[in-house]
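Single-structure report; data block below.
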Amino acid sequence: MVKRNTIPIAEIVEESATLRTFYFQHDLKASPGQFIMLTDFEQGEKPFSISECEAGRFGVTIKKLGKFTSNLWEKKAGNLLSFRGAYGSSFSLQGKRCLLIGGGYATPPLYFLSKELMRKGANITLVNGARTKEDLVFCSRFEELELMYKKITDAGCFGRAGTSVDIARELLTENEYDIVYVSGPELMMKAMRDLLAEYPGLEYEFLFERYMKCAIGICGNCTIDPLGIRLCVEGPVLARDQVEQLTEFGEYHRNAAGTKEYFK
Amino acid sequence: MKGIISISTEFLGKKTKSPLVLPAGIMGMTWSGMKFVVENGCGIITSKSLTLELRTGHPGPVIAEFEGGMLNCMGLCNPGIIDGLQEINDFKVLMPEVPVIASVFATKAEDFEELARHVNDSEADFIELNLSCPNVMDEFGMPLAGSIDMVKDITSRVKAISKLPVITKLSPNVTGLDGIALAAQNAGADALCMINTLGPGMLIDIDMVKPVLSNRTGGLSGACVKPIALRAVYEAYSRVKIPIIGTGGVESGSDAVEMLMSGAALVGVGSAVYQGGIGIFEKINQGIRDYMAKYKYNSIDQIPRLEKLDGEA
Numbered sequence: 057m058v059k060r061n062t063i064p065i066a067e068i069v070e071e072s073a074t075l076r077t078f079y080f081q082h083d084l085k086a087s088p089g090q091f092i093m094l095t096d097f098e099q100g101e102k103p104f105s106i107s108e109c110e111a112g113r114f115g116v117t118i119k120k121l122g123k124f125t126s127n128l129w130e131k132k133a134g135n136l137l138s139f140r141g142a143y144g145s146s147f148s149l150q151g152k153r154c155l156l157i158g159g160g161y162a163t164p165p166l167y168f169l170s171k172e173l174m175r176k177g178a179n180i181t182l183v184n185g186a187r188t189k190e191d192l193v194f195c196s197r198f199e200e201l202e203l204m205y206k207k208i209t210d211a212g213c214f215g216r217a218g219t220s221v222d223i224a225r226e227l228l229t230e231n232e233y234d235i236v237y238v239s240g241p242e243l244m245m246k247a248m249r250d251l252l253a254e255y256p257g258l259e260y261e262f263l264f265e266r267y268m269k270c271a272i273g274i275c276g277n278c279t280i281d282p283l284g285i286r287l288c289v290e291g292p293v294l295a296r297d298q299v300e301q302l303t304e305f306g307e308y309h310r311n312a313a314g315t316k317e318y319f320k
Numbered sequence: 002m003k004g005i006i007s008i009s010t011e012f013l014g015k016k017t018k019s020p021l022v023l024p025a026g027i028m029g030m031t032w033s034g035m036k037f038v039v040e041n042g043c044g045i046i047t048s049k050s051l052t053l054e055l056r057t058g059h060p061g062p063v064i065a066e067f068e069g070g071m072l073n074c075m076g077l078c079n080p081g082i083i084d085g086l087q088e089i090n091d092f093k094v095l096m097p098e099v100p101v102i103a104s105v106f107a108t109k110a111e112d113f114e115e116l117a118r119h120v121n122d123s124e125a126d127f128i129e130l131n132l133s134c135p136n137v138m139d140e141f142g143m144p145l146a147g148s149i150d151m152v153k154d155i156t157s158r159v160k161a162i163s164k165l166p167v168i169t170k171l172s173p174n175v176t177g178l179d180g181i182a183l184a185a186q187n188a189g190a191d192a193l194c195m196i197n198t199l200g201p202g203m204l205i206d207i208d209m210v211k212p213v214l215s216n217r218t219g220g221l222s223g224a225c226v227k228p229i230a231l232r233a234v235y236e237a238y239s240r241v242k243i244p245i246i247g248t249g250g251v252e253s254g255s256d257a258v259e260m261l262m263s264g265a266a267l268v269g270v271g272s273a274v275y276q277g278g279i280g281i282f283e284k285i286n287q288g289i290r291d292y293m294a295k296y297k298y299n300s301i302d303q304i305p306r307l308e309k310l311d312g313e314a
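Pasting the structure below:
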């Protein structure tokens, strides 16, 4: 049984105009890549990846998008929120020479991953890409860490225009890595899968996102074709041998009713 | 002697490699999810309960756990009968030998008839009439399975047009369940599935001072409902001649054997997929085999059933 915890928000950090990290004083047993189900008991319940977790405190970084998050934006430190978890698979934390590729608002879990990898003495190169400078998240946090940090935007805010996949391509040509960890929008990850197909022996792990309802592996909403594995239990982190088999990846996903929606 | 122990069986003329059934609402939303469950040892698949129009279900939280089990208020989320049957058809292309039950839900007999006509044109092997979801009462009122007349009416009308055997799914939240089971049989049901979730029940978050579930209440399932499921199946088994899919709180091989002894022909495994993980089906299969080995039974049919109530054998 996973116990539900209803506790006050310890702190809210404004990351940007539409991005906030909500911290809770709670000794969450979690590994990078895992998620919690968060509710305000008013606007539903949503899965959020853990972006930070240490010293009896954890945080989830949330993008303001719809009704649920609008309601969340009204909350202040001290207000109660309720969560259950942590759920799902996690990054393996393997490798000494690690390449981390982040895209847009999916990058924050790589911060939790970076810290855990550093604890294990890994050498990290992290690429953070987004559409614009405003969409590029966690920059100052990554810059404070002892890692090789590269940032890039489609709009060319730092000189060069491009995506994190472009940088990844160059890094993979010039360097040797033990493993690549990726968290980004589906189509960006699809491009990463295509790129990594050129490096057959290289391990990689992707963090996926799908509509999740129960988060405990019974509702079947987040199964992914053709494997039928559940992203809330066998995922959301999948390793190369699984990712290579996915046929729905980058093509479609199923919504709350189970209807297929195709990526544009 | 282990080699000759077989848990394969037959249900309404269809062969299955295991007596375990995935009940409606658990995992059966996508063709690949169905395949994953079968690869892990389940014998027969039931789809999500399909409705004429798609349903997104209730908002979260839809799950509330406690020590003895859980409450759920999924709210019959499904992509609608057309897309839902497509998922079944896609599954049958891959695994044509695995029987599939298309579960359907509606609130009136005409809609059940329309759903049955769709199912007629699908690759499904059986149709299950979900007359007993306890999670949509605010929307639809009391489950139909509470009324002997509704159970009779819907079962007989669907039976009249269905090309497939009809399974009526009953609710435990009634008095005189065995009478309702008998009525379903007399109306033409080829089999029964029982029990749907109990209650509904409610749990409260004492810090927020609110019900945990968004829908306030939800159907009760898990280990705590097994004794009620066993009693319900046994009482129905004593009255009817048609086979029963016994479901409710089965988490182990010995639970499954108990369910068979109560009179069930097949055994549903639902909530245990959470606590036990996807490996639960193989674990229960093995538990049944171990029991059979202990008493030197070679087939499921040799597992003894309780003597029927009123001395009917």
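Line by line, the protein sequences give chains A and H. Under my numbering, the first residue of the first sequence carries the number 57, and numbering increases by one thereafter. Under my numbering, the first residue of the second sequence carries the number 2, and numbering increases by one thereafter. Where is the CB? At the ideal position from N, CA and C, for every residue including glycine. Model, not experiment: these values are computed from the prediction.
Query: Sufficient close CB pairs (3 or more, under 8 Å) joining the region 46 to 59 of chain H to the region 70 to 87 of chain H; Result: yes
Query: Range covered by the beta strand (DSSP E) that runs through A/P103; Result: 101 to 110
Query: Short Cβ contact (8 Å threshold) for A/I106 with A/I92; Result: yes
Query: Backbone CA spacing between H/F113 and H/N121 [nearest angstrom]; Result: 12 Å
Query: Bridge-paired residues (DSSP) for H/N79; Result: H/R56
Query: Alpha carbon of A/G134 to alpha carbon of A/K59, nearest angstrom; Result: 21 Å
Query: Cβ shell of H/V258 (< 8 Å), same chain only, five flanking positions each side left out; Result: G288, I289, Y292, I304
Query: Chain H contact residues for A/M57, given Cβ-Cβ distances below 9 Å; Result: E66, F67, E68, M71, Q276
Query: Distance between beta carbons of A/Q90 and A/S146, contact taken as under 8 Å; Result: 5 Å
Query: Between the CA atoms of H/I168 and H/I250 - distance to the nearest angstrom; Result: Per the sequence presented here, residue 250 of chain H reads as Gly, with Ile not at that position. Rounded to the nearest angstrom, the two C-alpha atoms are 20 Å apart.
Query: H/T156 versus H/I246 - alpha carbon distance; Result: 17 Å
Query: Short CB-CB distance (under 8 Å) between A/D281 and chain D; Result: This model lacks chain D altogether; the protein chains it does include are A and H.
Query: Bounding residues of the beta strand (DSSP E) (the contiguous stretch that carries H/I279); Result: Premise fails: H/I279 is in no beta strand (DSSP E) and is neither H nor E.
Query: C-beta neighbour in chain A for H/K3, strict 8 Å; Result: Interpretation of H/K3 is limited by its pLDDT of 49, a score under 50 that renders its predicted location unreliable; no figure is taken from the coordinates.
Query: CB contact below 8 Å: H/T57 versus chain A; Result: yes
Query: Beta-carbon neighbours of H/G61, restricted to chain A and to distances below 8 Å; Result: M93, T95, G100, E101, K102, K269
Query: Beta-bridge pairing of H/D206 - partner residues as DSSP gives them; Result: H/K211
Query: C-beta atoms of A/C270 and H/I64 nearer than 8 Å; Result: yes
Query: Contact with chain A by H/A314, beta-carbon distance below 8 Å; Result: Note that H/A314 has pLDDT 45, beneath the 50 cutoff, so the model's placement of it is unreliable and the number below is only indicative. With 8 Å as the cut-off, H/A314 does not count as an interface residue toward chain A.
Query: A/I285: contacting residues in chain H (beta-carbon distance under 7 Å); Result: F37
Query: Beta carbon proximity, A/C275 to chain H, threshold 8 Å; Result: yes
Query: Three-way DSSP call (helix, strand, coil) for A/L169 in this model; Result: helix
Query: Exposed unless 16 or more other CB atoms sit within 10 angstroms - verdict on A/D250; Result: exposed
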